[in-house]
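Residue numbering for the sequence shown is 156 to 533, as defined by our numbering.
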Amino acid sequence: MTKSRDDFSARTKLDLALRASYLCSLCKRSTVGPSDEAPDAVTMIGVAAHICAAAPGPGARRHDPTMTPEERSHIDNGIWLCASCGVLIDRDEKRYTANALRRMKRDHEGSRRLEGSDSDADGDLITIGQDIVAVGTVIRSGPDGTRVRLSHFVNGSGRDLWSLNRDFDRWLPERRHVLLNELGFGGLLAEPPVVERAGQAYEVLFRLKDQVPRRNAAASISSMSSEDGRMLHGMEAYVQVFESVLGMGLGTWFTDLGLGSDLSDLYWRYKGSPWFERLAMIEMIRLSSIPRVQNGLDAPSTPFLAVNRIDSVKVPSFDLTGQQLGIEVRFDLEGMGLWEHVLSVFVSTPEQLARDREKARLHNDKIKRIEGEYAKRE
Ligand SMILES: [Zn+2]
């Protein structure tokens, strides 16, 4: 048999999902959610459905023999749906005609956009708090605060934005943050942000707390190599810090479940998509500008220690060598200025992540129980 199905590429599927903000274009339900398998696991129930069927034959809906294979697997022929709506549109071809589906897709994607403009040309990623990720631009930044205009939600919605103030105290303290790809840095919010409607768009005004001091990258530091035990000095030691923080899955270190990064999760979810670089960059901004109290250190410090700003993040290839991913980074370092390097970051498989998180949680619970018993005895 020859190749008879014109399927979407992985990248087209991801782009469809992002343009729909991971919501079903028909019933508007979220297509990502927590999984029953593990508290940190994510289930994807979304499908990139064909408007005109990928292959002819019995059961194929809205198949158009005049289309070329390229047209059938093009993003224009796709619509993001939840699994049940995906089945529904294939059962009822009379109601869900190709034109009806195209209209539905246009309306849904349009409703996710705030200014009727093209999402990609509209700035870069902005993260507000733990749940809102939007595309937007910085309008003003001054001593009284920073003002951003949001044009497209990648995650979250206008409703989440309006509830920012009310829910502020409920956020995890270290997630009361704003991260800005356009500026390459972020910070903890000094107070709840102010949300305003500006025509069809939203504007958010916020003030960040003072930055915590960074280590001077030019001053001497040394640490032992985790690979072969030899001593690492200066930038070599910092590279080991960057690579180990990025290569450790969030929630896999039992004494501190907030340590690490979600780079491996991002890799499996956005591999092949241009969004990966932008999301990896925003994660590095978090690691370089959001302080946390780390074990054995008195003052809060940022996991990336000496990095003031993330200037750029590039992934030339998604191929892994062993389980290592090469990431070209340009950082602004305290005391040194711009610095470029290709980091080699360990990417855990989804199975490894699930297993390591489960193990870490069990150990962490045990420690808390023991601490609790000691506290009772005293
Ligand atoms: Zn649906």
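All residues carry an ideal CB built from backbone N, CA and C; glycine is no exception.
- Ile376 and Ile465 have their alpha carbons spaced roughly 21 Å apart.
- Annotated as proximal: Ala372 and Leu488, with beta-carbon spacing under 8 Å.
- Under the three-state reduction of DSSP, Gln479 is assigned to strand.
- Rounded to the nearest whole angstrom, the C-alpha separation of Arg362 and Arg160 is 52 Å.
- Counting of Cβ neighbours within 10 angstroms places Leu493 among the exposed residues, the total staying below 16.
- Taking 8 Å as the cut-off, the beta carbon of Met259 is found closer than this to the beta carbon of Ile234.
- The Cβ atoms of Val288 and Ile294 do not sit closer than 8 Å to each other.
- Using a Cβ distance threshold of 8 Å, Leu256 and Ile206 count as a contacting pair.
- Judged by DSSP in its simplified three-state form, Leu171 adopts helix.
- Fully enclosed alpha helix (DSSP H) runs of no fewer than 4 residues occupy 430 to 444 of the region 425 to 478, in order along the chain.
- Close CB contacts of Val500 within its chain, under the 7 Å cut and outside five residues either way in sequence, are with Glu398, Leu401, Gly402, Leu418, Gln479, Leu480 and Ile482 (chain order).
- Using a Cβ distance threshold of 8 Å, Ser266 and Val290 do not count as a contacting pair.
- For ligand 1, the residues with a Cβ under 5 Å from any of its heavy atoms are, in chain order, Cys179, Leu181, Cys182, Cys237 and Cys240.
- Excluding the 5 residues flanking it on each side, Arg216 has same chain C-beta neighbours closer than 6 Å at Ala208, Asp245 and Glu248, in chain order.
- Leu508 is classed as buried because its beta carbon has at least 16 other beta carbons within 10 Å across all chains shown.
- Taking every protein chain shown into account, the CB of Ser381 has fewer than 16 other CB atoms within 10 angstroms, so this residue is exposed.
- Cys182 counts as exposed, since fewer than 16 other beta carbons sit within 10 angstroms of its beta carbon.
- Shown here for Ala392: same chain residues with a beta carbon closer than 7 Å to its own, the five before and five after excluded, namely Ile376, Ser377 and Ser378 in chain order.
- Straight across, the Cα-Cα distance linking Thr282 with Lys469 is about 20 Å.
- Cβ contact annotation for Arg331 (same chain, cutoff 8 Å, sequence separation greater than five): Gly284, Phe323, Leu343 and Leu344, in chain order.
- Rounded to whole angstroms, the separation of the alpha carbons of Ala172 and Trp430 is 11 Å.
- Each residue's CA atom was taken as its position, placing Ser318 and Gly311 some 11 Å apart.
- Contact annotation: Leu316 and Tyr357 have beta-carbon atoms nearer than 8 Å.
- According to the DSSP assignment, Glu225 belongs to no beta strand (DSSP E) but to the alpha helix (DSSP H) extending over Pro224 to Arg227.
- Under the DSSP definition of a beta bridge, Tyr357 partners with Leu305 and Arg352.
- Listed as beta-bridge partners of Thr282 by DSSP are Val288 and Leu334.
- Cβ-Cβ distances below 6 Å link Asp219 to Cys207 in the same chain, with the five nearest sequence neighbours on each side left out; the list follows chain order.
- For the pair Arg369 and Val502, the CB atoms are not nearer than the 8 Å cut-off.
- Sequence-distant Cβ neighbours of Tyr422 in its own chain, meaning closer than 6 Å and more than five residues away, are Val502.
- One Cα belongs to Met390, the other to Ser456, and the distance between them is close to 18 Å.
- Bounds of the beta strand (DSSP E) holding Met379 are Ser377 to Met379.
- Ranked by Cα distance from Lys523, the first of Phe409, Arg485, Ser164 and Arg314 is Phe409.
- Thr292 is a Cβ neighbour of Gly278, given a cutoff of 8 Å.
- Minimum Cα-Cα distance from His496 among the listed residues Ser428, Arg166, Val394 and Thr186 corresponds to Val394.
- Looking at the DSSP output, His496 shares a beta bridge with Val484.
- In the DSSP assignment, Ala530 falls within the alpha helix (DSSP H) that extends over Pro505 to Arg532.
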